[in-house]
Amino acid sequence: MNKFSDFGIKTGGDRKIFEVQLISISDVVNCEIEVLDYEANVKTEHGDGRYILKIRHEERECKFFTTAAQIKEALDKIPKDGFPFTATIKQQRFGSTGKTYFFT
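Adding 18 to a residue's 1-based position in the sequence shown gives its number in the numbering used here.
Right, here's the structure in full:
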C-alpha cells in the first residue's frame, strides 16, 4: 500500500502554516514577546492583506493575525536573519473607537 508522503505532493503552495494555538493580539499587549516568524498578505474570512505572526510568549508558541500598518511595515523591514527578535506590543487609541498596534 502506498503512503501519501511517498508521492512527494506539497499542498498549500509556499505559504507557511504555523500549527500552534491562535490567540488575539490583545492577549499580548504590553507584554514582551519573541517574534519567531511571520507570513505576509494572508487572506482570511475577515479580509485580505493580513499578517500572521508566530511568537513565543510565556514559554509557549502561539500565533495571531494583524492588520496593524506599523507592525506590518516593521516586519517587512527586518531581514530574515534578524529573526527571532524580542519586542513589546503597544496599543494606541485614536478617536472614540479606533486603535492600532505597534512594536517597541
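Ideal Cβ positions, reconstructed from N, Cα and C, are used throughout, including at glycine. None of these values were measured; they are calculated from a predicted model.
Can you tell which of Arg74, Val47, Glu79 has the C-alpha that lies nearest to the C-alpha of Lys117?
The shortest C-alpha separation from Lys117 is found at Val47.
Could you give the first and the last residue of the continuous beta strand (DSSP E) run that contains Ile73?
Bounds of the beta strand (DSSP E) holding Ile73 are 65–75.
What separation, rounded to the nearest whole angstrom, lies between the Cα atoms of Arg110 and Phe103?
Looking at the sequence shown, residue 110 is not Arg but Gln. When rounded, the separation of the alpha-carbon atoms in Gln110 and Phe103 is 22 Å.
For Ala92, the nearest candidate out of Asp45, Glu37, Glu77, Asp55 (CA to CA):
Comparing Cα-Cα distances from Ala92 to each of Asp45, Glu37, Glu77, Asp55, the minimum goes to Asp55.
I'd like to know whether the C-beta atoms of Ile73 and Cys80 end up nearer to each other than 8 Å.
Yes, Cβ-Cβ distance for Ile73 and Cys80 is below 8 Å.
Return the bridge partner residues of Leu40 from the DSSP annotation.
According to DSSP, residue pairing for Leu40 in a beta bridge involves Lys81.
Taking C-beta to C-beta, are Ala105 and Val53 nearer than 8 Å?
Their beta carbons are under 8 Å apart, which means Ala105 touches Val53 by this criterion.
With DSSP collapsed to three states, give me the class of Ala58.
DSSP places Ala58 in strand when its eight states are reduced to three.
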